[in-house]
Amino acid sequence: MLTYELSMLLRTMPKEELAVVLKRASTSIFNQGGIIRNIDNLGARKMPYKTSNHGVVHKQAHYFVISFTAPPSKLVTIESECHRDVDIIRNRIFKVNENANFECTLEEELKPPPYRPEVIKMIEDARKKGKKVGKSTFKFNTGLDYYPFQR
Amino acid sequence: MMQNPIYFLLKQSRSTGPMLLPRLVHSSVTLQRNAESGGAETSDMPIEIENPFKKEKVVCILCKMKIEPDYKNVRLLSQFVSPFTGLMYGRHITGLCKTQQERVASEITKSQNAGMMPYYNKEPEFLEDPKLFNPDRPVRNHEY
Ligand SMILES: [Zn+2]
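Residue numbers (our numbering), protein chains in the order written: chain A, 1 to 151; chain B, 152 to 295.
As structure tokens, then:
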């Protein structure tokens, strides 16, 4: 099972009510057979853009991130349940980034164009395309090396 | 008429007497020394070493500092965003490698979507942050 993150913006309200909303969200995850790994409180702050939800325009929000593990097929249910919650302004589920193993290719990218691997590949592709690999041109079989009729 | 700088220097040295010239050829002293010691001794043969003038591999700032771009780290992502349009700068300005540029771009979209980062501007509180690059002096010319 993969680890996901549920980022939620909650309506500004007292602490006890926040706990109730978080409990509601986490029970919806538990009901779908998920496990909660961590709940992060990113604090209350002004939203970068105003959002209207459930008929109210919000300009401030409490930011929370719940990292959890759940079967991928149940994510839609969790998301829709949060979506129906009146106290949640906005919610998104993101997959947690895996540790990416890659080499920095900046040095090759800074080379002049004919030395860049991607440009070399592009030139090769264009050459192949010009040759029309797999396609044959029509032969007139006139025995002449020019086209005898008027074009 | 344009004058060859070296020719100019030589001419000047002839007229004004001895002066410092750029060392274009081995000076006669070193050539003499080489002639005396060369040939007979085998220990003086050139040895194979790694190229001492080889430059260090150029690495982008995120790979160098080993920073993983994350959608919750709005402050970091905002450094790659234009304060005028809220769009991410191109690779020729940010100086990131292709992979990191793509990762940062996707994290910015995620962050904007989750309501953590504005779409059309940069957060005013991050405007004073240190600049990682100068948008007026791109690494490569603009593609348009
Ligand atoms: Zn890199």
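Glycine included, C-beta positions come from ideal geometry on N, C-alpha and C.
Nothing here was measured: the structure is a model prediction, and the numbers come from that model.
Per DSSP, cross-strand counterpart(s) of residue i
{"i": "Phe68(A)", "result": "Tyr4(A) and Ile36(A)"}
{"i": "Leu10(A)", "result": "His62(A) and Ile88(A)"}
{"i": "Ala25(A)", "result": "Its beta-bridge partners do not exist; DSSP assigns none."}
{"i": "Phe94(A)", "result": "Glu5(A)"}
{"i": "Arg45(A)", "result": "Ala61(A)"}
Proximity below 8 angstroms, CB of residue i to CB of residue j
{"i": "Leu228(B)", "j": "Ile259(B)", "result": "yes"}
{"i": "Ile66(A)", "j": "Ala25(A)", "result": "yes"}
{"i": "Leu22(A)", "j": "Ile39(A)", "result": "yes"}
{"i": "Phe102(A)", "j": "Thr236(B)", "result": "no"}
{"i": "Ala265(B)", "j": "Ser7(A)", "result": "yes"}
{"i": "His58(A)", "j": "Lys46(A)", "result": "no"}
{"i": "Ala70(A)", "j": "Gly33(A)", "result": "yes"}
{"i": "Cys82(A)", "j": "Ser28(A)", "result": "yes"}
{"i": "Leu10(A)", "j": "Ile78(A)", "result": "no"}
Minimum C-alpha distance to residue i - residue among the options
{"i": "Leu106(A)", "options": "Lys261(B), Cys214(B) and Asn224(B)", "result": "Cys214(B)"}
{"i": "Tyr63(A)", "options": "Val119(A), Ala100(A) and Asn41(A)", "result": "Asn41(A)"}
{"i": "Lys74(A)", "options": "Ile93(A), Asp87(A), Val86(A) and Ile89(A)", "result": "Ile93(A)"}
{"i": "Glu108(A)", "options": "Ile120(A), Tyr147(A), Glu17(A) and Thr77(A)", "result": "Ile120(A)"}
Burial state of residue i, where buried means 16 or more other Cβ atoms lie within 10 Å
{"i": "Leu161(B)", "result": "Any reading at Leu161(B) is ruled out, since the residue's pLDDT is 49, under 50, leaving its predicted position unreliable."}
{"i": "Lys128(A)", "result": "exposed"}
{"i": "Gly43(A)", "result": "exposed"}
{"i": "Glu201(B)", "result": "exposed"}
{"i": "Arg84(A)", "result": "exposed"}
Check: Of the residues that make up the stretch 35 to 50 of chain A, which ones have a beta carbon closer than 9 angstroms to any beta carbon in chain B?
Finding: Asp40, Leu42, Met47, Pro48 and Tyr49
Item checked: the stretch 93 to 106 of chain A: positions lying closer than 9 angstroms to chain B by Cβ -> Phe94, Asn97, Asn99, Ala100, Phe102, Glu103, Cys104, Thr105 and Leu106
- Message: Give me the subset of the stretch 213 to 232 of chain B whose CB atoms are less than 9 angstroms from a CB atom of chain A, sorted by chain position.
- Response: Leu213, Cys214, Lys215, Glu219, Pro220, Asp221, Tyr222, Lys223 and Val225
For the stretch 55 to 72 of chain A, which residues have a CB atom closer than 8 angstroms to at least one CB atom of chain B, in sequence order?
-> Ala61, Tyr63 and Val65
Return the residues of the stretch 108 to 119 of chain A that lie within a Cβ-Cβ distance of less than 7 angstroms from chain B, sorted by chain order.
Under the 7 angstroms Cβ criterion, the stretch 108 to 119 of chain A contributes Glu109 and Leu110.
Short-range partners of chain B found in the stretch 6 to 22 of chain A, where Cβ spacing is below 7 angstroms:
Ser7 and Leu9
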